[in-house]
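Chemist:
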Amino acid sequence: MPARRRGSIRLWQTELFVIVIMVAILILSGSLSAGLKSTLTRMTETSELRNASAFAQRLGPEFPLGPSGSQQIREVIAEYRDIYGGGIWVYNDRGELLESAFDAAPLDGVLESARLGALGQHGSYALSDLRPSGWIVAGKPLVGRDGANHGAVVTASSADQPAAILKSVRDRLWTTFWTSLIIAGLIGFAFSEIIARRIRAMSDAAASIDAGNFDQRLSTSLVPDEIQGLAESYNSMAERLGKAFNAIQENERQIAAVVESMAEGVLAIDAEERVRVVNPEALRLLGLEGRDLVGERMTDLTDSEDVLNIVRGALASRNASSRAQLGRFMVMLHCTPLFDELDGVEGAVLLISDVTERHRLEDAQRRFVADASHEMRTPIAALKGMLELLDDGAKENPEVRDDFIQTMQGEVDRLGRLVADLLTLARLEAGSLRLKRNPEYVLEMLEDVTGVMQTLAEQSGVTLSVEVLDPETQAIADHDRIVQVLLSFTDNALKHSSAGTTIHLRAQRRGAKVRFEVADEGAGIGAEELSRVFERFYRADDARASGSGTGLGLAITKEIIEAHEAEITVESMPGVGTTFAFELPAVGAAEPLTEP
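Numbering of the sequence shown is given in this note's numbering, commencing with residue 4 and proceeding in unit increments.
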């Protein structure tokens, strides 16, 4: 469950700053308001008491009152109201109201309290009620000529003006409070925003490092010392981490490039038999090109017990090597365990080498040696047998001797042809046989073939037919080697053609190429034998039985045509015949002539 967000530090700092300022301003405002009220109360009470005292001093000598006392009191009251305003109440010593003058008056209870206070032991009374519709009341005793108290005088004035002053000051204080609070909030917000931006920058920078970006740096200006120190430490750490990470990435790129370009297939496997690293060559050999194998188990990739056993052997701390067949590939497997710092096996590396071609060459070499030995053993055994017979006395019979010598000459010629064919084949495979490619008339090459093979064809009762639509057609070729190829095809066709049939030698231009064909009307070649006709020493049973040929002719033709950067095609149908064909560049073709 994700953690609940608690707000940003900017909000926290702003709220704290505003609360502190608000408490300070409230305390200050309350203190100022209370002090002002106290001052106004004291001032109004003092002023009202001073007015009452002045009136009492002016009126006191009139007591005890004479016959015209009431008139005198009214005159003094009128005089003082003109000066001070407000209301005046005059009481005798029995509490009876003698005279009064007012526009508005406080409650009777307030007046009575003032009268009694004036006659009390303190000799004066003052009370302020600084509220709208409130009153400021004062009382003083009336001391007569005889020094005795003859009553009291009470004065009262409206508190509206002092209350208005107090209210105005309080309103200004509240205005100042809210203005200060807003300004303090803005200042606090600005300050906290500066700090928050620095912290967010640090958070973003940390996230950048987490994402692999080490180039971001923090500003170290206009920040508190603590944040500046943290920013400098971060910048230093980011620089060191960036260098270390770049070095690791460069090493990984180099290792990946080496693994990707390795001629061997490479798989890194963890202890759970899951693939962690695989290169393209391994995918090709496993027949899984285009798939992402990272994270998959080995048992899901192959069912080859050889591969699985060698991997499990490496995970059991054993180095292992073996050969295995993976589909059409013959591979060499080598698996090495990977150890952790505690010498425990944490995985393995499997190398897969494609030895298909080497295996094929080794197999071909073995068959070549066996076939060559077999082919040479026959004439050598014949020569040895005839030499032994001649040595035993057959040389004394001229007819037998001449026959033996003629047969021996044939066997020696056969050995010579075999050695010459082997030498030619070796030179072609080694690339040491240089071709002389020039523009050649195809009709001349075909006529050279028929000139050599015509006698043999007549002896076999076979007709040779040269078919060229345009006698001026030319091809880029080595004349002698292409004639050799066509002779081999024609000789092979003669061996498999019956009397009365025809061998067709054709050449026809097709676009930028000239197509050569040698087609017979013989028994044809079976599908199981068609793929083997170019193998060394491979001959049909009837040819082998006759003892003619070396079995290398078609292998040599294949090498010659491939040296011309072309290929031979064979089409055969049992009972209909066989056609050997290849194509060479025509003179005037768009493709440039390139020497091998």
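No residue lacks a Cβ here, since even glycine has one placed at the ideal position from N, Cα and C.
1) Using a Cβ-Cβ cutoff of less than 6 Å, which residues in the same chain neighbour Ala141 once the five nearest sequence positions on both sides are dropped?
2) From Ala351 to Val280, what does the alpha carbon distance come to, in whole angstroms?
3) If you draw a straight line from the alpha carbon of Leu62 to that of Arg134, how long is it in whole angstroms?
4) Starting from the Cα of Leu587, find the closest Cα among Gly347, Met576, Ala478 and Thr581 and give me that residue.
5) Excluding sequence positions up to five away, which residues of its chain have a Cβ less than 8 Å from the Cβ of Thr581?
6) Can you tell me which of the three DSSP states Thr476 falls into?
7) Given Thr560, which residues of its chain have a CB within under 6 Å of its CB, disregarding the five upstream and five downstream residues?
8) Are Leu318 and Ala247 closer than 8 Å when you measure CB to CB?
9) Assign Ala510 to one of two classes, buried (16 or more other C-beta atoms within 10 Å of its C-beta) or exposed (fewer than that).
10) With respect to 7 Å, is the separation between the Cβ of Ala385 and the closest non-hydrogen atom of the ligand ATP below this value?
11) Please list the terminal residues of the continuous alpha helix (DSSP H) segment that includes Asp273.
12) Would you kindly work out how many angstroms separate the C-alpha atoms of Ala155 and Gly112, rounded to a whole number?
13) For Pro70, collect the residues of the same chain with a Cβ closer than 6 Å to its Cβ; drop the 5 residues on either side in sequence, then sort them by chain order.
14) Starting from Pro165, trace the alpha helix (DSSP H) both ways and give me its first and last residue.
15) Look at Val517 and Val469 and say whether their C-beta atoms are less than 8 Å apart.
16) Between the beta-carbon of Phe105 and the beta-carbon of Gly90, is there less than 8 Å?
17) Which same chain residues end up closer than 8 Å to Gly330 when comparing Cβ atoms and leaving out the 5 residues on each side of it in sequence?
18) Who are the near neighbours of Ile571 in its chain, counting only those whose CB is closer than 8 Å to its CB and skipping five residues on each side?
19) Just the Cα atoms here: how many angstroms apart are Asp451 and Leu354?
20) Which same chain residues end up closer than 7 Å to Gly464 when comparing Cβ atoms and leaving out the 5 residues on each side of it in sequence?
21) Locate the beta strand (DSSP E) running through Arg326, then write down its first and last residues.
22) With H, G and I counted as helix, E and B as strand and the rest as coil, what does DSSP make of His567?
23) Go through its chain and collect everything with a Cβ distance to His362's Cβ below 6 Å, but skip five positions before and after it.
24) DSSP on Met265, reduced to helix/strand/coil?
25) Going by beta carbon distance, what residues of the same chain come within less than 8 Å of Leu386, once the five residues before and after it are set aside?
26) If distances are taken between C-alpha atoms only, which option among Glu284, Ala566 and Ile383 comes closest to Gly419?
27) Within 10 Å of its beta-carbon, does Asn282 have 16 or more other beta-carbons around it, so buried, or fewer, so exposed?
28) Name the DSSP bridge partner or partners of Asp106?
29) How many whole angstroms separate the CB atoms of Val310 and Ala285, which I take to be in contact at a CB cut-off of 8 Å?
30) Work out the CA separation of Leu533 and Arg404 for me, nearest whole Å.
31) According to DSSP, is Pro2 part of a helix, a strand, or is it coil?
32) Can you tell me which of the three DSSP states Pro340 falls into?
33) Determine the extent of the beta strand (DSSP E) in which Asn441 is found, giving its start and end residues.
34) Could you name the residues that DSSP lists as bridge partners for Met240?
35) Per DSSP, His507 is paired with what?
36) Hey, how far is the Cα of Pro401 from the Cα of Glu391?
Modeler: With the structure as the only source:
1) Locating residue 141 in the sequence shown gives position 138, counting from the first residue. So the list reads Glu51, Leu52, Ala55, Ala129 and Thr158, once near-sequence residues are dropped.
2) Taking the first residue of the sequence shown as position 1, residue 351 is located at position 348. Taking the first residue of the sequence shown as position 1, residue 280 is located at position 277. One C-alpha to the other measures close to 11 Å.
3) For the purposes of this step, residue 62 is taken as residue 59 along the sequence shown, with counting starting at 1. For the purposes of this step, residue 134 is taken as residue 131 along the sequence shown, with counting starting at 1. Leu62 and Arg134: Cα-Cα distance of roughly 31 Å.
4) The residue labelled residue 587 in the question sits at position 584 within the sequence shown. Nearest of Gly347, Met576, Ala478 and Thr581 to Leu587, Cα basis: Ala478.
5) Indexing the sequence shown from 1 puts residue 581 at position 578. Cβ neighbours of Thr581 beyond the five flanking positions: Ala496, His499, Ala522, Asp523, Gly525, Gly527, Ile528, Val573, Glu574 and Ser575.
6) Counted from its first residue, the sequence shown places residue 476 at position 473. Thr476: coil per DSSP, three-state reduction.
7) Counted from its first residue, the sequence shown places residue 560 at position 557. Only Val488 and Ser491 meet the Cβ criterion.
8) On the sequence shown, position 315 is the one that residue 318 refers to. On the sequence shown, position 244 is the one that residue 247 refers to. Contact: no.
9) Your numbering for residue 510 matches position 507 in the sequence shown. The residue is buried, with at least 16 neighbouring Cβ atoms inside 10 Å.
10) Absence of the ligand ATP from the depicted structure is noted, as is the absence of any ligand whatsoever, leaving it without description.
11) Here residue 273 refers to the residue found at position 270 of the sequence shown. Run containing Asp273: none in the alpha helix (DSSP H); it sits in the beta strand (DSSP E), Gly268 to Asp273.
12) Taking the first residue of the sequence shown as 1, we reach residue 155 at position 152. Taking the first residue of the sequence shown as 1, we reach residue 112 at position 109. Their Cα atoms are separated by approximately 15 Å.
13) Translated into positions along the sequence shown, residue 70 becomes position 67. Cβ neighbours of Pro70 beyond the five flanking positions: none.
14) The count along the sequence shown starts at 1 and reaches residue 165 at position 162. First-last of the alpha helix (DSSP H) with Pro165: Asp163 to Asp213.
15) Position 514 of the sequence shown, counted from the start, is the residue given in the question as residue 517. Position 466 of the sequence shown, counted from the start, is the residue given in the question as residue 469. Not closer than 8 Å, so no.
16) Numbered from 1 along the sequence shown, position 102 holds the residue referred to as residue 105. Numbered from 1 along the sequence shown, position 87 holds the residue referred to as residue 90. Result yes, Cβ atoms of Phe105 and Gly90 sit closer than 8 Å.
17) In the sequence shown, residue 330 corresponds to position 327, counting from 1. The answer, listed in chain order, is Gly290.
18) The residue labelled residue 571 in the question sits at position 568 within the sequence shown. In chain order, Phe537, Thr560, Lys561, Ile564, Phe583, Ala584 and Phe585 place their CB closer than 8 Å to the CB of Ile571, counting only its own chain and leaving out the 5 sequence neighbours on each side.
19) To locate residue 451, count along the sequence shown from 1; it is residue 448. To locate residue 354, count along the sequence shown from 1; it is residue 351. If you take the alpha carbons of Asp451 and Leu354, they lie about 55 Å apart.
20) Looking up residue 464 in the sequence shown gives position 461. Within the same chain, Gly464 has close Cβ partners Ala502 and Gly503.
21) To locate residue 326, count along the sequence shown from 1; it is residue 323. Note, Arg326: beta strand (DSSP E), Ala323 to Leu329.
22) In the sequence shown, the residue the question calls residue 567 occupies position 564. Reduced to three states, the DSSP call for His567 is coil.
23) Indexing the sequence shown from 1 puts residue 362 at position 359. Only Met333 meet the Cβ criterion.
24) Mapped onto the sequence shown, residue 265 falls at position 262. It is coil, neither helix nor strand.
25) Walking along the sequence shown from the start, residue 386 turns up at place 383. Result list for Leu386: Met411, Glu414 and Val415, in chain order.
26) In the sequence shown, residue 419 corresponds to position 416, counting from 1. Among Glu284, Ala566 and Ile383, the Cα nearest to that of Gly419 is on Ile383.
27) On the sequence shown, position 279 is the one that residue 282 refers to. When all chains shown are included, Asn282 counts as buried.
28) Numbered from its first residue, the sequence shown carries residue 106 at position 103. BP columns for Asp106 are empty, so no partner.
29) In the sequence shown, the residue the question calls residue 310 occupies position 307. In the sequence shown, the residue the question calls residue 285 occupies position 282. Here Val310 is actually not in contact with Ala285; their C-beta atoms are around 11 Å apart, not less than 8 Å.
30) Within the sequence shown, the letter at position 401 stands for residue 404. Within the sequence shown, the letter at position 530 stands for residue 533. When rounded, the distance between both Cα atoms is 43 Å.
31) Any question about residue 2 goes unanswered here, given that the chain covers just 4 to 599.
32) For the purposes of this step, residue 340 is identified with residue 337 of the sequence shown, where counting begins at 1. In this structure, Pro340 counts as strand in the three-state DSSP scheme.
33) Taking the sequence shown and counting its residues from 1, the one referred to as residue 441 is at position 438. Here the beta strand (DSSP E) through Asn441 covers Arg440 to Tyr444.
34) For the purposes of this step, residue 240 is taken as the residue at position 237 of the sequence shown. Looking at the DSSP assignment, Met240 forms no beta bridge with any residue, so it has no partner.
35) The residue given as residue 507 occupies position 504 in the sequence shown. Bridge partners of His507: Ser468 and Ala522.
36) Counting from 1 along the sequence shown, the entry for residue 401 is found at position 398. Counting from 1 along the sequence shown, the entry for residue 391 is found at position 388. Pro401 and Glu391: Cα-Cα distance of roughly 16 Å.
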